[in-house]
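Shown next, in structure tokens, is the structure this report addresses.
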Amino acid sequence: MNFGTENTEEESFALLDAFIEGLPPTPEQRAKGEQRVVQAGRDYVAGSTAMVPINPSWDNRLLDHLAHGELAEFDSWTVEAMAKEGGGSAHEVRTWIAACASLAATGPYEMTSRFYEAIPAWIAGFAVTTARGR
Numbered sequence: 717m718n719f720g721t722e723n724t725e726e727e728s729f730a731l732l733d734a735f736i737e738g739l740p741p742t743p744e745q746r747a748k749g750e751q752r753v754v755q756a757g758r759d760y761v762a763g764s765t766a767m768v769p770i771n772p773s774w775d776n777r778l779l780d781h782l783a784h785g786e787l788a789e790f791d792s793w794t795v796e797a798m799a800k801e802g803g804g805s806a807h808e809v810r811t812w813i814a815a816c817a818s819l820a821a822t823g824p825y826e827m828t829s830r831f832y833e834a835i836p837a838w839i840a841g842f843a844v845t846t847a848r849g850r
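850 is the number that the working numbering gives the last residue of the sequence shown; the numbers go up by one with no jumps.
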């Protein structure tokens with residue numbers, strides 16, 4: 717995806733090496749990355765990007781399945797469908813599925829709180845939940 721500031725091949729290898737070695741980005745690398753993210757957010761809000769729009773319906777359907785303990789529903793979700801419906805960050809929800817599956821492995825659970833809001837300026841649907849075993 718092009719956010720308007722591409723890395724040179726040398727910069728890309730430097731970033732990769734730093735990532736593999738667990739090194740923090742240089743101030744220049746951090747500034748360039750922040751510039752890309754800010755521009756991507758501006759483009760998204762202005763409607764001038766090819767990014768998949770935030771999909772609150774998909775996000776809430778996922779949260780509903782988690783709330784009802786319907787974890788087997790996710791067995792049929794493909795990588796392609798998740799990206800198409802949920803956007804580029806949709807794969808982050810795998811951690812939510814894993815957390816609920818871990819909790820469910822100890823027995824039934826209940827979601828005790830749930831908050832969701834689509835935040836276009838962040839290019840994200842933001843959610844917070846809590847759950848506990850019954």
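Don't be surprised by glycine CBs; every beta carbon is placed ideally from N, CA and C.
Being a predicted model, the structure only gives us computed values, none of them experimental.
Spatially closest choice to residue i from the options, by CA coordinates
i: M840; options: S805, A815 and R830; result: Checking the sequence shown, residue 840 turns out to be Ala, not Met. Residue S805 is the option with its Cα nearest to A840.
i: A817; options: D759, E750, F735 and A788; result: A788
i: G785; options: G738, I813 and G749; result: I813
i: G749; options: E727, F842 and A797; result: E727
i: R758; options: G849, I835 and S773; result: I835
i: H807; options: T822, T845 and F790; result: F790
i: R823; options: G849, I736 and G763; result: With the sequence shown as reference, residue 823 is identified as Gly, and Arg is not the correct amino acid for it. Closest option to G823, Cα to Cα, is G849.
Element boundaries [beta strand (DSSP E), containing residue i]
i: G841; result: A840 to G849
Local Cβ density within 10 Å of residue i, reported as buried at 16 or more and exposed below that
i: D733; result: exposed
i: G802; result: buried
i: I770; result: buried
i: V809; result: buried
i: D775; result: buried
i: L819; result: buried
Supposed contact pair residue j and residue i - C-beta distance, whole angstroms, cut 8 Å
i: L779; j: Y832; result: 6 Å
i: V761; j: A837; result: 6 Å
i: A756; j: T742; result: About 21 Å separates the two Cβ atoms, so there is no contact after all.
i: L731; j: Q751; result: L731 to Q751, Cβ: 14 Å. No contact.
i: A815; j: T828; result: No, A815 and T828 are not in contact; Cβ-Cβ is about 14 Å, not under 8 Å.
i: R830; j: T845; result: 5 Å
For residue i, the first and last residue of its enclosing alpha helix (DSSP H)
i: S764; result: It is not in any alpha helix (DSSP H) - S764 carries neither H nor E in the DSSP assignment.
Contained beta strand (DSSP E) runs [length at least 3] in the region 777-840, N- to C-terminal order: If we require 3 residues or more, the beta strand (DSSP E) runs fully inside the region 777-840 come out as 825-835.
May I have a chain-ordered list of the alpha helix (DSSP H) segments no shorter than 4 residues that lie completely inside the region 724-778? 725-737 and 743-762
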